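Novice: Protein chains in written order, with this note's numbering: chain A, 101 to 557; chain B, 101 to 557.
2 protein chains.
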Amino acid sequence: MEPVELERELQKPWEELSTQINTDDRQQVVAFLDSITPADTALAVSRLNAEEQNRLLTLLSPEEAAEVIEDISDAQGADLIEVIQPELAAAILEELGSDHVADLLGELDEDDANAIIDKMAPEEAEEARQFLAYEPDTAGGLMVSEYLDFLSDQTVQDVLDELQANREKYAEYDVQYLYVTDEDNRLQGVLRMRDLLFPKRTTKLTTLMISNPYRVNVNDSLDDLHNFFEEHNLFGVPVVDDDSRLLGIVLPEAVEEEKSNQSTDQFLGFSGIIGGEEFRSMPLLSRSGRRLSWLSLNIVLNILAASVIAFYQDTLAAVIALAVFLPMVSDMSGCSGNQAVAVSMRELSLGLVRPTELLRVLAKEASLGVINGVALGVLLGGVAYFWKGNAFLGLVVGGALAVNTVVAVSLGGLIPLLLKRAKLDPALVSSPLLTTVTDMCGFFFVLSFASLVLDKF
Amino acid sequence: MEPVELERELQKPWEELSTQINTDDRQQVVAFLDSITPADTALAVSRLNAEEQNRLLTLLSPEEAAEVIEDISDAQGADLIEVIQPELAAAILEELGSDHVADLLGELDEDDANAIIDKMAPEEAEEARQFLAYEPDTAGGLMVSEYLDFLSDQTVQDVLDELQANREKYAEYDVQYLYVTDEDNRLQGVLRMRDLLFPKRTTKLTTLMISNPYRVNVNDSLDDLHNFFEEHNLFGVPVVDDDSRLLGIVLPEAVEEEKSNQSTDQFLGFSGIIGGEEFRSMPLLSRSGRRLSWLSLNIVLNILAASVIAFYQDTLAAVIALAVFLPMVSDMSGCSGNQAVAVSMRELSLGLVRPTELLRVLAKEASLGVINGVALGVLLGGVAYFWKGNAFLGLVVGGALAVNTVVAVSLGGLIPLLLKRAKLDPALVSSPLLTTVTDMCGFFFVLSFASLVLDKF
Chain A
101 MEPVELEREL QKPWEELSTQ INTDDRQQVV AFLDSITPAD TALAVSRLNA EEQNRLLTLL
161 SPEEAAEVIE DISDAQGADL IEVIQPELAA AILEELGSDH VADLLGELDE DDANAIIDKM
221 APEEAEEARQ FLAYEPDTAG GLMVSEYLDF LSDQTVQDVL DELQANREKY AEYDVQYLYV
281 TDEDNRLQGV LRMRDLLFPK RTTKLTTLMI SNPYRVNVND SLDDLHNFFE EHNLFGVPVV
341 DDDSRLLGIV LPEAVEEEKS NQSTDQFLGF SGIIGGEEFR SMPLLSRSGR RLSWLSLNIV
401 LNILAASVIA FYQDTLAAVI ALAVFLPMVS DMSGCSGNQA VAVSMRELSL GLVRPTELLR
461 VLAKEASLGV INGVALGVLL GGVAYFWKGN AFLGLVVGGA LAVNTVVAVS LGGLIPLLLK
521 RAKLDPALVS SPLLTTVTDM CGFFFVLSFA SLVLDKF
Chain B
101 MEPVELEREL QKPWEELSTQ INTDDRQQVV AFLDSITPAD TALAVSRLNA EEQNRLLTLL
161 SPEEAAEVIE DISDAQGADL IEVIQPELAA AILEELGSDH VADLLGELDE DDANAIIDKM
221 APEEAEEARQ FLAYEPDTAG GLMVSEYLDF LSDQTVQDVL DELQANREKY AEYDVQYLYV
281 TDEDNRLQGV LRMRDLLFPK RTTKLTTLMI SNPYRVNVND SLDDLHNFFE EHNLFGVPVV
341 DDDSRLLGIV LPEAVEEEKS NQSTDQFLGF SGIIGGEEFR SMPLLSRSGR RLSWLSLNIV
401 LNILAASVIA FYQDTLAAVI ALAVFLPMVS DMSGCSGNQA VAVSMRELSL GLVRPTELLR
461 VLAKEASLGV INGVALGVLL GGVAYFWKGN AFLGLVVGGA LAVNTVVAVS LGGLIPLLLK
521 RAKLDPALVS SPLLTTVTDM CGFFFVLSFA SLVLDKF
């Protein structure tokens, strides 16, 4: 494996792509892009500068450019779309699936998105506007408009004729079901492709279809859809409005993909990357600014917590060894609390706890907090005792860590539930909030306990 | 909305389920489970005690029990399976899809899993053993054995007869393609259901099929599969061994679901929940022990970092105000570093950076570190200056934060790449490693800078 791996790593697809773009040889660029994996396409395109990206998309036909955009993530795709002329962007978007168009436009500023929509063909523009109006994590935001629908008095032969006549178009449709509607586009029934295999060709769809089929409302949430596909093993579900009018279909993989995106956003938010994903190919100042916006809030919270130490300066001056343990107590409690935060966020997302069940979470976490607090307190207290040979130092440090661990895990368990009830995002707010409180409490417990026995040091 | 929501939240499905289990009325239990959503089933089952769970699964038929297990997560399902007799567990597993069986057994201890497999019917046991042998995040671990395959000299009529004869069985198959193999089960071609609609019924499959179809190897990784479905808009892909023998199919939603699970594990690991998911319905001591295993490593790292403060005790005693800023500098740097860790982990998972590109990441992060370090250093240094009116305190604190921010973001960007190359899990190891180093450096910079200008305070 070694030499092969080495060779692969030495290849730099972006350098080759960049060279080829500069030759302006469209066919060569297309051949090169076809020869590499989508992952390498994403890598290569992300490393081009804005001008090279612009030239690449201008060089390719709209269909070819659309294929490139399908290979890369929405955030990256939106960055590409932003650098080119709205006319070209519109032509490229017309080649993409309806849900993909909305995802890309949703990543842009409203003005940029509207400039592109204005250049699209009237029908596609209308559809894009409609799809953009839905929240991304609802059935409306996840549905596609590529589906097959027929009227209930049409026959098997009508369907076969239609399928034959539009072979190429339908070959790209992600659809295994045929939907049957009435004249007003209200959903009447569903047919599977295999239901067409056996009946006579003059049979009307209304006699073959499963009436009153499963459906979801256009406003149903991602969790509703996830539960739906957990319960029903289907390849897609029709989406209807409040009047049962068929608007689109949602595929199970779209639901799983959005779930995965949410987990990613949660992870990034929890780590202090907010306001959308950051890629290192973005401009330095924009990366820096986005990270600073979160850090500068954090520094204010930190100052708040540290003010507790400032208040107890005299105690600290009297027993300088305490300064060694202050960061340890606050850091360890923060870690314990974050574990409880993670468990609460996970249980909330699986529906295993309800935001109102504060007492249950408190009971479960406080009891765990006592056990872990005692264990960690004995450990750290022991270290403090053996270091200075002073039992009171051990008691103060160990006792503070034990008490603060109970506070941290209890609070860590409760915070995501409280934030959820307050309709705030637990992934963004839990950790800074928790850390501030556990820092303050940690400093307070160590220093106030010490000041009680100051004459024993 | 308010009253409805209130009402829903007052219902406690687990209390009702518990009552009904105690009446031993199977039909009533089944009717109740049918009446609630899968999410409420998961919630209710998770809140039962082990004995009630045992009684529930014993009361239901294996088919009904399998439906309950399909509604809940694998980790929960494994907990359920563990509490019942192996005979019953085997009977229930035989009712589940092949991939689901392997997922559940994979969550159990090897001994428990083998005890159950030994009680399964020989054919199912053989299949379970085979599926368990594949890594969960490979094509082998993600594939299902429910697919339709035919020999190349069979005709359209043969297929239709087979479909008619096994209507019920195939209705549950997640399959939209028919696979064509030779006598040795080697993959020859693929057909879509709609390809059967038009040809004469005596046509041989070999003339209809798409020859040499897309396929994946049984050892292909999750990322390979994800890229495959990004590139090819298919409802499934056949999985073959090195001799092109057909072993199963992988569906795109299984790939997306596993991706989502990986994001979740990453988030949980990053927050200090390791060794599988934790649910609050688990026994207290096992929850406590799992969390402690991570925390006790952390406390050792913390002691290491704090030893820097111990070394500089005299400096600290001379300028006690520094003790206020020590936790702030280390905490802020930790936050900055974690942002860089998150960006690196994200870029790695999207393939936008290669583990060998240390210099690229270093250049990108160091320059950002300088900007953010100066910004945060000026802010915190300003606070220190105005608090004590001492310019040197401001310079020491601000300078230390600035330098340590550069260290933290550079290191934070590099650590996931280095861990990936060392084949360690960045989600688990990055954060403790980073925090220890940035704590040590932070304490060192503040205290060593201060000791240089000790006479100015």
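The C-beta atom is built at its ideal place from N, Cα and C for all residues, glycine as well.
Note that the coordinates shown come from a computational prediction; the quantities given were computed from them, not determined experimentally.
Relative to the C-alpha of V546 of chain A, which candidate in A:A527, A:V497, A:L524 and A:S363 has its C-alpha closest?
Specialist: Among A:A527, A:V497, A:L524 and A:S363, the Cα nearest to that of V546 of chain A belongs to A:V497.
Novice: Counting only the same chain and skipping the five closest in sequence on each side, list residues whose C-beta sits under 7 Å from that of N214 of chain A.
Specialist: Within the same chain, N214 of chain A has no close Cβ partners at all.
Novice: Any beta carbon from chain B within less than 8 Å of Q439 of chain A's own beta carbon?
Specialist: It does; some Cβ of chain B falls within 8 Å.
Novice: Taking C-beta to C-beta, are L570 of chain A and W114 of chain A nearer than 8 Å?
Specialist: No statement about residue 570 of chain A is possible, as the shown extent of chain A runs from 101 to 557 and does not include it.
Novice: Could you name each continuous beta strand (DSSP E) segment of 3 residues or more that falls completely within the region 304-366 of chain B, going from the start of the chain to the end?
Specialist: Whole beta strand (DSSP E) segments, 3+ residues: 337-340 and 346-350.
Novice: Kindly indicate if chain A contains any beta-carbon less than 8 Å away from that of N402 of chain B.
Specialist: Cβ-Cβ to chain A under 8 Å: yes for N402 of chain B.
Novice: Is there contact between the region 519-535 of chain A and the region 363-375 of chain A, where contact requires at least three CB pairs shorter than 8 Å?
Specialist: Contact between the region 519-535 of chain A and the region 363-375 of chain A is present, because at least three Cβ pairs lie under 8 Å.
Novice: Hey, is Q254 of chain A's beta-carbon within less than 8 Å of any beta-carbon in chain B?
Specialist: Taking Cβ atoms only, chain B never reaches closer than 8 Å to Q254 of chain A, which makes this a no.
Novice: Could you compute how far the alpha carbon of Y279 of chain A sits from the alpha carbon of L263 of chain A?
Specialist: Distance between the alpha carbons of Y279 of chain A and L263 of chain A is about 14 Å.
Novice: In whole angstroms, give me the CA-to-CA distance for D125 of chain A and L160 of chain A.
Specialist: Taking the straight line from one Cα to the other gives about 10 Å.
Novice: Excluding the five sequence neighbours on either side, which residues of its own chain have a C-beta within less than 7 Å of the C-beta of E167 of chain B, listed in chain order?
Specialist: Counting only Cβ-Cβ distances below 7 Å, and skipping sequence neighbours, we find nothing.
Novice: Step through the CB atoms of chain B and report whether any lies within less than 8 Å of the CB of T137 of chain A.
Specialist: Judged by the 8 Å Cβ criterion, T137 of chain A is in contact with chain B.
Novice: Report the neighbours of K359 of chain B on chain A: residues whose CB is nearer than 7 Å to its CB, in chain order.
Specialist: Per Cβ cutoff of 7 Å: S360.
Novice: Would you please state the rounded distance, in angstroms, between the beta carbons of F335 of chain B and L346 of chain B? I believe it to be under 8 Å.
Specialist: F335 of chain B to L346 of chain B, Cβ: 16 Å. No contact.
Novice: For S311 of chain A, is the classification buried or exposed, using 16 other Cβ atoms within 10 angstroms of its Cβ as the cut-off for buried?
Specialist: So S311 of chain A ends up on the exposed side.
Novice: What does the Cβ neighbour count give for A550 of chain A, buried or exposed, with the cut at 16 atoms within 10 Å?
Specialist: So A550 of chain A counts as buried.
Novice: Using 10 angstroms around the beta-carbon of Y314 of chain A, count the other beta-carbons present and answer buried if the total reaches 16, otherwise exposed.
Specialist: Classification for Y314 of chain A: exposed.
Novice: Cα separation between R191 of chain B and R267 of chain A?
Specialist: Per the sequence presented here, residue 191 of chain B reads as Ala, with Arg not at that position. Distance between the alpha carbons of A191 of chain B and R267 of chain A is about 45 Å.
Novice: Bridge partners of T596 of chain A, per DSSP?
Specialist: A question about residue 596 of chain A goes unanswered here, because the residues of chain A that appear run from 101 up to 557.
Novice: Indicate whether at least one CB of chain B lies closer than 8 Å to the CB of D199 of chain A.
Specialist: It does not: the Cβ of D199 of chain A has no partner Cβ on chain B nearer than 8 Å.
Novice: Starting from the beta carbon of C435 of chain A, find every residue of chain B whose beta carbon is closer than 7 Å, and list them in chain order.
Specialist: G372, L395 and N398, listed in chain order.
Novice: Fully enclosed by the region 182-228 of chain A, which beta strand (DSSP E) runs are 3 residues long or longer?
Specialist: Listed in chain order, nothing qualifies, since the region 182-228 of chain A has no complete beta strand (DSSP E) run of 3 or more residues.
Novice: To the nearest angstrom, how far is the alpha carbon of I181 of chain A from that of A189 of chain A?
Specialist: Between I181 of chain A and A189 of chain A, the C-alpha separation is close to 6 Å.
Novice: Taking 8 Å as the threshold (C-beta atoms), are C435 of chain B and N317 of chain A in contact?
Specialist: Contact flag unset, no.
Novice: Do G512 of chain A and V441 of chain A count as a contact pair if the criterion is CB distance below 8 Å?
Specialist: Yes; because the gap between Cβ atoms is below 8 Å, this pair is in contact.
Novice: Taking only the alpha-carbon atoms, compute the straight-line gap between R598 of chain B and S344 of chain B and give it to the nearest angstrom.
Specialist: Because chain B here runs from 101 to 557, residue 598 of chain B falls outside it and cannot be looked at.
Novice: Apart from the five residues on each side of it in sequence, which residues of its chain come closer than 6 Å, Cβ to Cβ, to P138 of chain B?
Specialist: If we look at P138 of chain B and ignore the five residues flanking it on each side, its Cβ neighbours are D171.
Novice: Would you report the Cα separation of E153 of chain A and V201 of chain A, rounded to the nearest angstrom?
Specialist: Inspection of the sequence shows that residue 153 of chain A is occupied by Gln rather than by Glu. Q153 of chain A and V201 of chain A: Cα-Cα distance of roughly 19 Å.
Novice: Hey, I136 of chain B and V483 of chain A: beta-carbon distance below 8 Å or not?
Specialist: Not closer than 8 Å, so no.
Novice: Can you name the start and end residues of the beta strand (DSSP E) that D249 of chain A belongs to?
Specialist: That run of the beta strand (DSSP E) goes L248 to L251.
Novice: Could you tell me whether the region 463-478 of chain A touches the region 377-389 of chain B, where touching means 3 or more Cβ pairs closer than 8 Å?
Specialist: Result yes; three or more Cβ-Cβ pairs closer than 8 Å.
Novice: List, in chain order, every chain A residue whose beta-carbon is nearer than 8 Å to that of E331 of chain B.
Specialist: Those within 8 Å of E331 of chain B in chain A are T137, P138 and D171.
Novice: Give the residues from the region 473-489 of chain B that approach chain A closer than 7 Å (Cβ to any Cβ), ordered along the chain.
Specialist: The region 473-489 of chain B vs chain A, Cβ under 7 Å: A475, L476, L479, L480 and V483.
Novice: Secondary structure at R286 of chain A, three-state DSSP: helix, strand or coil?
Specialist: R286 of chain A: strand per DSSP, three-state reduction.
Novice: Can you check whether the C-beta of S245 of chain A is within less than 8 Å of a C-beta belonging to chain B?
Specialist: Taking Cβ atoms only, chain B never reaches closer than 8 Å to S245 of chain A, which makes this a no.
Novice: Taking contact to mean 3 or more Cβ pairs, one atom from each stretch, closer than 8 Å, check whether the region 478-495 of chain B and the region 537-546 of chain B are in contact.
Specialist: The region 478-495 of chain B is not in contact with the region 537-546 of chain B.
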